[in-house]
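Per the working numbering, numbering through the sequence shown is continuous, rising by one, with the last residue being 347.
What follows is a set of notes on a single structure, which appears directly below.
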Amino acid sequence: MRDRIEELQKQVQEMQVQNAEELEAMRIRYLSKKGEITALFSEFRNVAADQKRELGQQLNQLKQTAEAKLNELKEQYEAAREQADKQDLTRTPDPIALGTRHPLSLVKEEIIDIFSRIGFTVEEGPEVEDDRHVFGMLNFAPEHPARDMQDTFFVEKEEGVQKPDDILLRTHTSSVQTRVMTRQQPPIRVLCPGRVYRNEAISARAHCFFHQVEGLYIDKNVSFADLRQALLYFAKEMFGPDTKIRLRPSYFPFTEPSAEMDISCNICGGKGCGFCKQTGWVEILGCGMVDPNVLESCGIDSKEYSGYAFGMGVERITNLKYRVKDLRLFSENDVRFLQQFEAC
Ligand code: PHE
């Protein structure tokens with residue numbers, strides 16, 4: 004009997020439980036009417052009288068240890084449960100900081116979306132270009148001022164590297180159009196979005212790089228009326244159904260005739276305000292009918308085909324839509340600026 008008491012004493016001391024059921028199971032196992040300790044008390048009646056005193060003490064000791072241990076486990080378990088109850092499962096989780104799309108991307112995508120609904124597809128091309136694709140094939144005279152170092156960034160020749168002299172950063176995405184025209188015969192209907200570079204001092208109103216979306220449509224019998232209609236559709240989709248457009252004669256080497264397009268000022272609705280300098284109109288893009296010289300230099304028969312082209316600055320359109328006053332904000336990556344476009 005002594006061994007049995009010692010064994011149980013050990014078991015009881017090492018007892019562990021995970022939950023209320025296990026705790027109750029332990030109580031039943033040792034202390035209930037049919038429990039192991041209770042059974043020892045029944046046996047105790049048959050113990051020889053001279054051993055009763057010692058064994059009786061041990062047995063009582065065992066019973067007390069078991070009770071104390073069960074109480075201790077119960078307290079532990081209840082404290083843990085109380086802690087768990089304190090957790091509020093209905094609490095909203097910590098917000099996950101979501102990134103935002105850059106306003107220029109938002110507007111670029113919107114321009115692409117509007118033109119894709121009338122059949123335009125997107126073409127891209129290299130930002131580091133050669134003179135031919137940026138100027139030569141687009142009817143720029145050899146001494147045209149755009150080719151000047153003051154306007155264009157040229158890529159310097161590295162020593163020992165064989166490279167033509169006329170590598171530069173494209174100044175407009177019309178270079179992508181020359182690439183498409185030399186590769187593909189009409190019908191052509193493409194949009195050319197991308198970053199362009201011009202050698203300008205950085206200020207609130209000018210930057211040495213900005214973004215354009217240019218468009219080109221070439222087919223049989225394409226007329227100026229088609230151009231006007233496409234641009235009117237674009238202006239209304241972009242700035243609202245009441246928007247009016249106005250085309251003013253202009254000049255570009257690669258289009259003839261050429262025009263600049265204004266929209267009725269979307270801030271004052273055309274009445275005249277500080278933004279439109281009281282004129283009621285704001286300029287948004289350049290356009291025109293593709294010069295036959297350009298078609299011919301790209302291998303397209305100008306007697307059979309005609310086409311129109313247009314080009315706009317994404318920053319300009321973004322300014323009109325979101326009233327961003329300083330161009331530099333677009334490239335500074337200040338999260339306080341970018342977060343304002345979270346909902347767009
Ligand atoms: N490429 C011109 C620019 O960068 C824009 C333009 C494109 C004008 C097509 C007319 C036709 O300013």
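Backbone N, C-alpha and C define an ideal beta-carbon position, used for all residues, glycine too.
This one's a predicted model, so the numbers in the text were calculated from it and none came from an experiment.
Whole-angstrom distance between residue j and residue i, CA atom to CA atom
i	j	result
P370	L341	With the chain covering 4 to 347 only, the question about residue 370 has no answer from this structure.
K274	T282	8 angstroms
S226	F143	23 angstroms
A238	N224	24 angstroms
Q90	N74	25 angstroms
W284	K160	45 angstroms
D229	A312	11 angstroms
D133	D245	42 angstroms
Y236	I114	11 angstroms
T103	I320	19 angstroms
L141	R135	8 angstroms
S177	A346	33 angstroms
E203	T185	31 angstroms
R182	E127	10 angstroms
F344	V125	25 angstroms
L11	E25	18 angstroms
D3	A207	It is not possible to answer for residue 3, since the shown part of the chain is limited to 4 through 347.
L234	P129	26 angstroms
R56	R48	12 angstroms
Expected contact under 8 angstroms - CB spacing of residue i and residue j to nearest Å
i	j	result
H210	L107	Actually they are not in contact, since the Cβ atoms of H210 and L107 sit about 12 angstroms apart, beyond 8 angstroms.
E263	R251	5 angstroms
T68	V15	5 angstroms
G310	I221	3 angstroms
V216	I170	Not quite, the Cβ-Cβ distance comes to about 24 angstroms (not below 8 angstroms), so this is no contact.
Range of the contiguous beta strand (DSSP E) that encloses residue i
i	result
T258	258–267
R198	191–200
S206	That residue, S206, is in no beta strand (DSSP E); it is neither H nor E in DSSP.
R213	Note that residue 213 is Phe in the sequence shown here, rather than Arg. 212–222 is the span of the beta strand (DSSP E), which, as asked, contains F213.
F227	No beta strand (DSSP E) holds F227; the alpha helix (DSSP H) holding it covers 227–242.
E286	284–293
D133	131–133
A312	309–316
S178	First-last for S178: 177–186, but that is the alpha helix (DSSP H), not the beta strand (DSSP E).
L171	170–172
L250	248–255
Residues of its chain near residue i, where Cβ-Cβ distance is below 8 angstroms and the 5 sequence neighbours each way are ignored
i	result
F242	I266, N269, L323, K324
L34	I40, T41, K66, A69, E70, L73
I366	Outside the shown range of the chain (4 to 347) lies residue 366, about which nothing can therefore be said.
Y308	P189, I221, D222, K223, V225, L298
Cβ-based burial, residue i [other Cβ within 10 Å; buried from 16]
i	result
H147	exposed
G218	buried
T93	exposed
D294	buried
K111	buried
Q180	buried
I303	buried
I121	exposed
R173	buried
S45	exposed
E78	exposed
Sequence-distant residues of its chain with Cβ nearer than 6 angstroms to residue i (five each side left out)
i	result
H105	none
S261	S253, Y254, F255, G291
Residue range of the alpha helix (DSSP H) that includes residue i
i	result
S45	39–47
E27	23–34
F118	106–119
R7	5–16
L62	52–89
E161	Run containing E161: none; DSSP gives neither H nor E here.
S334	332–335
F340	338–341
Any non-hydrogen atom of ligand 2 within 7 angstroms of residue i CB
i	result
F143	For ligand 2, the structure offers nothing, since it holds only ligand 1.
Cβ shell of residue i (< 7 angstroms), same chain only, five flanking positions each side left out
i	result
E259	G291, M292, D294
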